[in-house]
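Enquirer: Questions regarding the structure given below will be posed in turn.
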Amino acid sequence: MNSLSHPDRPSNPQISVQMAGDEGVADERLAFYLTRKKRAGSGLVKQYESGGETLPKVGDFWMIPNGDQGPKCVVRTTRVQ
Numbered sequence: 725m726n727s728l729s730h731p732d733r734p735s736n737p738q739i740s741v742q743m744a745g746d747e748g749v750a751d752e753r754l755a756f757y758l759t760r761k762k763r764a765g766s767g768l769v770k771q772y773e774s775g776g777e778t779l780p781k782v783g784d785f786w787m788i789p790n791g792d793q794g795p796k797c798v799v800r801t802t803r804v805q
């Protein structure tokens, strides 16, 4: 969060954890985000609803863990379609 400019830095951020697949898939996805080969994520409304989760909204933060589920990268939602 400290890398955000002051006006963009939330005072009390709520961060969701997003884990996809097994350890190998998680490590691969993390590498894509860190090298900027991946700059977007997606999910189905049905999946959020069936899991009792709220839909993402602009300004949300979410953490991308490595395969060991350790925090490695925090990203912010900038657009929702």
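According to our numbering, the sequence shown is numbered sequentially starting from 725. Every residue, glycine too, gets a C-beta built ideally from N, C-alpha and C.
(1) Can you look up Lys-762 in the DSSP assignment and give me helix, strand or coil?
(2) Run through DSSP, which three-state label would Arg-753 get?
(3) Out of Gly-783, Asp-746, Gly-794 and Val-749, which has the shortest C-alpha to C-alpha gap to Arg-803?
(4) Let me check one thing: in DSSP terms, what residues is Val-798 bridge-paired to?
(5) Just verifying my parser: in three-state terms, what is the DSSP assignment at Gly-748?
Expert: Taking the structure as given:
(1) Lys-762 falls in the coil class under three-state DSSP.
(2) DSSP, reduced to helix, strand and coil, places Arg-753 within a helical segment of the structure shown.
(3) The candidate whose alpha carbon is nearest that of Arg-803 is Gly-783.
(4) For Val-798, the beta-bridge partners assigned by DSSP are Met-787.
(5) It is helical.
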